[in-house]
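Encoded as structure tokens, the structure appears first; notes follow it.
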Amino acid sequence: MIRLFRTECRTVQRALWDYTNHRLPEGVLEKVEHHLPTCEACRHELKSLRQAQHVLTSYKSEPVPVQRTDWSDLQQRLLTEGNAPALRAAFQNDAREERPAESENRAEDRRRRRPGETWQGSLLYAGGFTAFLITAALGYRFFPLTGASARHEQPKAVVSAGPGPLEFAPSQGRPPAGTVAYHKPQTEADALNPAKNSRYNGSAGREHDATSKTDAYDDSNAEEPDGRGGYHMTPAVLRTNTPVKGAKKHAGKPAETSDPDGMRFVKHSPTSEEAAPRQDAASRYYVMDQIAPVSRNGVSRRFVTPGTLVPSNEDDAAY
Amino acid sequence: MSSQLPDNELLSRCRQGNLEAFGLLYSRYVLQVYRFSYHMLGDADDADDVKQDTFVKAYQALPNFRGDCSLQTWLLKIAGNLCRDRLKMRMRRGEMEMLPEIEDSLHDPSSYGIDPAESLERKDTRNAVHRVLSGLPEPQRALIVLRDIEEMSYQEISEVLGCSVSSVKLRLFRARRGFRDRLESLLKAR
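From first to last, the protein sequence lines stand for chains A and B. Take the first sequence: its position 255, counting from 1, is numbered 254 in numbering that gives the first Met the number 0, and each next residue is one higher. Take the second sequence: its position 85, counting from 1, is numbered 84 in numbering that gives the first Met the number 0, and each next residue is one higher.
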């Protein structure tokens, strides 16, 4: 009996709150009203619940404090923080007259972000740098730029298997970037022989006075064969305004030549000193860059592809 | 645009990028979200922040809203999560809830033109409820607010809290008992 009574009390007490609010269904209401006169504990429970309910009802009727922000504030925030497709569509439809702040922030982040700031960029940089180091190490191993050990060694061909300097067929156009050219050692007599030095001008059959310091090359026939099935590129052509290490600087002003492709490149007229055979110069290897364009203000720029070798030269500071 | 359009119509327009439609939804539910946040947090500034955050998150999640529940329920669910996060942050920081006496000293424009005695009684009531609610665990606090202050149905509460109706009733019974006990202790202490 007592156990049944406590079970009933539990059921009734759970319904007392709604009983005070007059929200009980008919069947449960009848049970509660039948039980309450017989149970003091449930009546005490009902009294305390009514007091709490009265406080809550009073509290509920109180107005809440005034809101600090409104729709305009939210709208502004959506423009800066919203990143939903709906918002992007809203920008396309509604905000054509001014650039939305959200896309401005995106563009700003894109501009400010450097490749290294993303993990993909960092990975790319790391890989490129590693490749450069490996290539430089291998290149130095096979093509030492300076050093006594290299002075008395025969230069080794990198690209061309032929005995002579690097040759390119006329159909090939300009030598590709990254190509390594080398200067075959010549005798002192050969160097002073203008006929032999005519190869350096790239002009077919045109004799060039290697001693001249102010020669301007006629580049109109730059790609014509020189009688040997190709044309030759001098190391001096590889780098504009960069003299050979140990050699005197070219006194003449590099002549600009026209380029049918719209790029201007400069050929460097070798002086007699540069053309003169020197064992250290003979064993020096140069890397052919991409055609170095000359900017309109006359400052030459060089495009270096990764892995290219450069001679150690204080004049490199220009780059 | 008519303000009488149903929620699903306004939602579809919002998904197409119509900010005006979202503004209508905002005006329709902003007060409820704000009230709920205020009762949960007991502070107007925090409630305002939660209110704005709720609508920002709702706008960002509009494409993912499948309409399984009403928009009101969905917004209150977002607000409830944000309130819970803010309460946790308060606990981590060791922040005390603003004492009602201190809050009363702040300027309250809503008290203009009201009898001082009545105003005092109102303040006492508000203070008492704030104190009691702040002492309840967050789930019980949410149940009291949703059912006894916001007068939502059991079904709606179950959708907001993510539990069954019977579970809501049982938990609500315990929350009301806890509220009653704390209130009695507070009144006896005064």
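C-beta: ideal position from N, C-alpha, C; glycine also.
Assigned secondary structure, G138 of chain A (DSSP; H/G/I helix, E/B strand, else coil):
Within the first sequence, the letter at position 139 stands for residue 138 of chain A. Looking at G138 of chain A - three-state DSSP - the assignment turns out to be helix.
Cutting at 7 Å between CB atoms, please list the residues of its own chain near C38 of chain A, excluding the five before and the five after it.
Start at 1 with the first residue of the first sequence, and residue 38 of chain A comes out as number 39. Taken in chain order, the residues that qualify are C8.
Given that V54 of chain A touches chain B, what residues does it touch there, using C-beta distances under 7 Å?
Counted from its first residue, the first sequence places residue 54 of chain A at position 55. Correct list: T124, A127, V128 and L182.
Endpoints, the alpha helix (DSSP H) within which S166 of chain B is located
Position 167 of the second sequence, counted from the start, is the residue given in the question as residue 166 of chain B. Start and end: V164 to A188.
Inter-residue spacing [alpha-carbon to alpha-carbon] between R146 of chain B and Q75 of chain A
Residue 146 of chain B sits at position 147 when you count from the first residue of the second sequence. Residue 75 of chain A sits at position 76 when you count from the first residue of the first sequence. The straight-line gap from Cα to Cα measures roughly 34 Å.
Distance, Cα to Cα, D69 of chain A vs Q3 of chain B?
As a working mapping, residue 69 of chain A is identified with position 70 in the first sequence. As a working mapping, residue 3 of chain B is identified with position 4 in the second sequence. Q3 of chain B has its alpha-carbon roughly 21 Å from the corresponding atom of D69 of chain A.
Closest Cα partner of T124 of chain B within the set A:E80, A:L123, A:E61 and A:I133:
As a first step, residue 124 of chain B is located in the second sequence; it is residue number 125 there, counting from the start. For the residues A:E80, A:L123, A:E61 and A:I133, the minimum Cα distance to T124 of chain B belongs to A:E61.
So, is R283 of chain A buried or exposed, given that buried needs 16 or more other C-beta atoms within 10 angstroms?
By 1-based counting over the first sequence, the position of residue 283 of chain A is 284. At R283 of chain A the pLDDT is 46, less than 50, meaning the model places this residue with poor confidence; the figure from the coordinates comes in the next sentence. R283 of chain A sits buried, since 16 or more C-beta atoms from the chains shown fall within 10 Å of its C-beta.
Own chain partners of L9 of chain B with C-beta closer than 7 Å, once the 5 adjacent residues on each side are dropped
Locating residue 9 of chain B in the second sequence gives position 10, where the first residue counts as 1. Same-chain partners within the cutoff: A20, L23 and L24.
What residues from chain A crowd round A188 of chain B, counting only those whose CB sits closer than 7 Å?
Here residue 188 of chain B corresponds to residue number 189 of the second sequence, with the count starting at 1. By Cβ distance, chain A contributes nothing, its closest Cβ being about 15 Å from A188 of chain B, past 7 Å.
For the putative contact between V128 of chain B and L55 of chain A, defined by C-beta atoms under 8 Å, what is the C-beta separation to the nearest angstrom?
To locate residue 128 of chain B, count along the second sequence from 1; it is residue 129. To locate residue 55 of chain A, count along the first sequence from 1; it is residue 56. 7 Å between Cβ atoms; contact.
Close Cβ partners of D107 of chain B (< 7 Å) along its chain, the five nearest in sequence each way excluded
Reading the second sequence from its first residue, position 108 is the one you call residue 107 of chain B. Only weak support is given to the placement of D107 of chain B: the predicted model assigns it a pLDDT of 49, under 50, and the value that follows is read from those uncertain coordinates. Cβ contact annotation for D107 of chain B (same chain, cutoff 7 Å, sequence separation greater than five): none.
Can you list the residues of chain B that E80 of chain A reaches, using a CB-CB cut of under 7 Å?
Counted from its first residue, the first sequence places residue 80 of chain A at position 81. The contact set of E80 of chain A on chain B, defined by CB atoms closer than 7 Å, consists of V55 in chain order.
Looking at chain B, which residues of the region 124-135 of chain A have a Cβ within less than 7 Å of any of its Cβ atoms?
Against chain B - using a Cβ distance shorter than 7 Å - the region 124-135 of chain A contributes no residues.
Taking its Cβ as the centre, do 16 or more other Cβ atoms sit within 10 Å of D72 of chain A, making it buried, or is it exposed?
In the first sequence, residue 72 of chain A corresponds to position 73, counting from 1. For D72 of chain A, the number of other beta carbons within 10 angstroms of its own is below 16, and it is reported as exposed.
So, does the CB of D72 of chain A fall closer than 8 Å to a CB anywhere in chain B?
As a working note, residue 72 of chain A is residue 73 in the first sequence. For D72 of chain A, at least one C-beta of chain B is nearer than 8 Å to its own C-beta.
Collapsed DSSP secondary structure at D6 of chain B in the structure displayed:
The residue you call residue 6 of chain B lines up with position 7 of the second sequence. In the structure shown, the three-state DSSP call for D6 of chain B is helix.
Taking the continuous alpha helix (DSSP H) assigned at P138 of chain B, which residues delimit it?
For the purposes of this step, residue 138 of chain B is taken as the residue at position 139 of the second sequence. Element bounds for P138 of chain B: E137 to L142.
Compare the Cα-Cα distances from A78 of chain B to each of B:K87, B:P62, B:F54 and B:S69 and report the closest residue.
One-based indexing of the second sequence puts residue 78 of chain B at position 79. Of the listed residues, the one whose Cα sits closest to A78 of chain B is B:F54.
For the region 14-27 of chain B, list every residue whose C-beta sits within 9 Å of some C-beta in chain A, in sequence order.
Correct list: R14, Q15, G16, N17, L18, E19, F21, G22, Y25 and S26.
Closer than 8 Å at the beta carbon, the chain A residues around D44 of chain B
Within the second sequence, numbered from 1, the residue matching residue 44 of chain B stands at position 45. Under the 8 Å cutoff, chain A gives R67.
Residues of the region 126-160 of chain B whose Cβ lies closer than 7 Å to any Cβ of chain A, in chain order:
Among the residues of the region 126-160 of chain B, those with a Cβ less than 7 Å away from any Cβ of chain A are A127, V128, D147 and I148, in the order of the chain.
Would Q66 of chain A and Y33 of chain B qualify as a contact pair, given that the criterion is a beta-carbon distance under 8 Å?
Counted from its first residue, the first sequence places residue 66 of chain A at position 67. Counted from its first residue, the second sequence places residue 33 of chain B at position 34. Yes, the Cβ-Cβ distance between Q66 of chain A and Y33 of chain B is below 8 Å.
On the criterion of 16 or more Cβ atoms from any shown chain inside 10 Å, does K46 of chain A qualify as buried, or is it exposed?
Translated into the one-based positions of the first sequence, residue 46 of chain A becomes position 47. Classified as exposed, K46 of chain A has fewer than 16 neighbouring CB atoms from the shown chains inside 10 Å of its CB.
Where Q66 of chain A falls: helix, strand or coil (DSSP)
Residue numbering aside, residue 66 of chain A sits at position 67 when the first sequence is read from its first letter. Q66 of chain A falls in the coil class under three-state DSSP.
Contact set between D47 of chain B and chain A, taken where Cβ atoms lie within less than 7 Å
By 1-based counting over the second sequence, the position of residue 47 of chain B is 48. Going along chain A in sequence order, the residues near D47 of chain B (Cβ under 7 Å) are Q66, R67 and T68.
Interface residues of the region 63-80 of chain B facing chain A [CB-CB below 8 Å]:
Among the residues of the region 63-80 of chain B, none has a Cβ less than 8 Å away from any Cβ of chain A.
Provide the residue span of the alpha helix (DSSP H) that contains I156 of chain B, from first to last.
For the purposes of this step, residue 156 of chain B is identified with residue 157 of the second sequence, where counting begins at 1. Segment Y153 to L160, the alpha helix (DSSP H) holding I156 of chain B.
L78 of chain A and R175 of chain B - do their beta-carbons sit closer together than 8 Å?
Taking the first residue of the second sequence as position 1, residue 175 of chain B is located at position 176. Taking the first residue of the first sequence as position 1, residue 78 of chain A is located at position 79. With contacts defined as CB atoms closer than 8 Å, R175 of chain B and L78 of chain A fail to qualify as a contacting pair.
Looking at the structure shown, is D48 of chain B part of a helix, part of a strand, or coil, going by DSSP?
Against the second sequence, residue 48 of chain B aligns to sequence position 49. Three-state DSSP puts D48 of chain B in a helix.
Can you confirm whether R175 of chain B, when its beta carbon is compared against all beta carbons of chain A, has any partner nearer than 8 Å?
Locating residue 175 of chain B in the second sequence gives position 176, where the first residue counts as 1. True, the Cβ-Cβ gap to chain A drops below 8 Å.
Which same chain residues, not among the five before or five after K56 of chain B, have their C-beta less than 8 Å away from its C-beta?
Here residue 56 of chain B refers to the residue found at position 57 when the second sequence is read from its first residue. Closer than 8 Å at Cβ, skipping near neighbours: I77 and L81.
Answer with yes or no whether the minimum CB distance from A51 of chain A to chain B is below 8 Å.
Here residue 51 of chain A refers to the residue found at position 52 when the first sequence is read from its first residue. For A51 of chain A, the nearest CB of chain B lies under 8 Å from its own CB, placing it at the interface with that chain.
Cβ separation of M39 of chain B and R170 of chain B, assumed to be a contact under 8 Å, to the nearest whole Å
As a position in the second sequence, residue 39 of chain B is number 40, starting the count at 1. As a position in the second sequence, residue 170 of chain B is number 171, starting the count at 1. Incorrect: roughly 16 Å between the Cβ atoms, too far for contact.
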